[in-house]
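Worksheet: one structure, shown below.
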Amino acid sequence: MTIRAVVRGVGHYLPERVVPNSEFEKTIETSDEWIRTRSGIERRHFAAEGENTSDLATRAAEAALADAGMTADDIDAIILATSTADLTFPSAATMVQARLGMTRGFAFDVQAVCAGFVFALANANALILSGQARRVMVIGAETFSRLMDWTDRGTCVLFGDGAGALVLEAQEGAGTTADRGILATDLHSDGRHRDILYVDGGTSTGTTGHLRMEGKEVFRHAIEKLAETAHSALDRAGLTGADVDWIVPHQANIRIIEGTAKRMQVPMDRVVVTVQDHGNTSAASIPLALSVGKARGQIKTGDLIVTEAIGGGLAWGAVVLRW
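Here it is, written out as structure tokens:
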């Protein structure tokens with residue numbers, strides 16, 4: 001028998017404040033049509049004053065536990081993917097651990113920007129396969145609205161806040177592609193491309209900083225690298241694009257999503273798309289989309305799913321799992 005990391009529950013949380021594209025027309029030179037045409041985004045959510053990343057993550061974690069029929073006492077570890085932790089330290093994951101009332105196990109953050117949730121899933125899978133943990137809560141949570149330069153129309157209209165979470169559990173499988181759970185992972189990074197997507201703040205500047213992006217360069221790398229990593233993960237699992245029920249991609253830009261699906265030869269009616277409602281929520285976007293996809297009735301038990309993402313670093317990767 002083979003141990004697999006199987007999804008037991010999923011949940012998400014979005015801040016109450018919804019910001020339509022039209023709201024940006026009041027402060028910068030842009031329009032609803034301009035934003036929709038270039039990104040597919042129609043609206044996004046912004047966290048309230050005093051509402052932090054750990055708050056969003058906790059709400060998503062509570063929803064995932066409820067969906068799994070578990071309590072915090074059932075969880076051995078929490079991995080939280082974020083680039084917008086409340087503080088430099090301690091980790092936002094330990095804050096979630098405390099708020100859930102989890103007094104055992106361990107918790108830590110993963111920082112790979114928009115690819116963070118894919119990297120967190122791969123780490124959770126490794127913990128389960130090694131026997132270090134039996135049940136792992138994997139969370140993606142961001143408050144990217146706190147990193148925006150509100151005079152830069154090329155970036156400030158693209159991002160939103162939110163959180164999503166999965167509960168993974170060790171279960172025995174037959175060792176075939178029909179098994180439920182994570183079947184393969186594929187991770188990459190290339191630090192030579194740091195300057196096309198970064199935040200110009202941190203300990204080197206003594207400031208929080210703002211997000212800076214060379215959109216055309218990021219777009220070019222995204223289309224190529226996302227399709228390649230998805231194919232690599234499928235190859236490792238012994239599967240092809242024809243076996244895929246759903247692509248659940250990082251929700252950054254509808255043109256990137258469409259371009260990647262085309263390269264994978266998967267039709268758009270087999271792609272879960274939420275970018276129009278959430279904008280780019282970085283590490284939160286994939287778990288948000290998984291939770292929404294399940295709630296819509298799209299994702300069902302036994303479906304084969306490919307998730308893929310690319311973010312600053314550059315860092316990118318994919319996970320193949322059977323729901």
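All letters in the sequence shown, in the order written, are residues 1 to 323 by full-length UniProt numbering. Just so you know, even glycine gets a beta-carbon here, dropped at the ideal spot from N, CA and C.
Am I right that R8 and R180 are in contact with their C-beta atoms under 8 Å? What's the rounded C-beta distance? Locating residue 8 in the sequence shown gives position 8, counting from the first residue. Locating residue 180 in the sequence shown gives position 180, counting from the first residue. Their Cβ separation, rounded to whole angstroms, is 10 Å, which puts R8 and R180 out of contact at 8 Å.
Could you please give the first and the last residue of the uninterrupted beta strand (DSSP E) stretch that includes Q265? Locating residue 265 in the sequence shown gives position 265, where the first residue counts as 1. Premise fails: Q265 is in no beta strand (DSSP E) and is neither H nor E.
Distance CB(I41)-CB(G279) smaller than 8 Å: Counting from one through the sequence shown, the residue named residue 41 turns up at place 41. Counting from one through the sequence shown, the residue named residue 279 turns up at place 279. Yes, Cβ-Cβ distance for I41 and G279 is below 8 Å.
Can you name the start and end residues of the beta strand (DSSP E) that V319 belongs to? The residue given as residue 319 occupies position 319 in the sequence shown. Element bounds for V319: 315 to 322.
Considering only DSSP beta bridges, list what F106 is partnered with. Position 106 of the sequence shown, counting from 1, holds the residue named residue 106. The beta-bridge partner set that DSSP reports for F106 consists of A77.
Give the range of the beta strand (DSSP E) segment to which W246 is assigned. Your numbering for residue 246 matches position 246 in the sequence shown. From DSSP, the beta strand (DSSP E) with W246 extends over 246 to 249.
Can you tell me whether DSSP reads V273 as helix, strand or coil? Start at 1 with the first residue of the sequence shown, and residue 273 comes out as number 273. For V273, the three-state secondary structure derived from DSSP is coil.
What residues match up with L304 in a beta bridge as DSSP calls it? As a working mapping, residue 304 is identified with position 304 in the sequence shown. Note: L304 is bridge-paired with R322 in the DSSP secondary-structure output.
Any beta strand (DSSP E) of 3 or more consecutive residues that is wholly inside the segment 29 to 97: Counting only runs of 3 or more, we get 43 to 46, 77 to 81.
Between the CA atoms of M264 and L158 - distance to the nearest angstrom: By one-based count along the sequence shown, residue 158 stands at place 158. By one-based count along the sequence shown, residue 264 stands at place 264. Straight-line spacing of the CA atoms in L158 and M264 works out to 25 Å.
With 16 as the cutoff for other CB atoms within 10 Å, does L87 come out buried or exposed? Within the sequence shown, the letter at position 87 stands for residue 87. Classification of L87: exposed, given that the 10 Å Cβ count is below 16.
On the criterion of 16 or more Cβ atoms from any shown chain inside 10 Å, does G206 qualify as buried, or is it exposed? Position 206 of the sequence shown, counted from the first residue, corresponds to residue 206. That one is exposed.
How is G162 classed by DSSP in three states: helix, strand or coil? The count along the sequence shown starts at 1 and reaches residue 162 at position 162. Per DSSP, reduced to three states, the secondary structure at G162 is strand.
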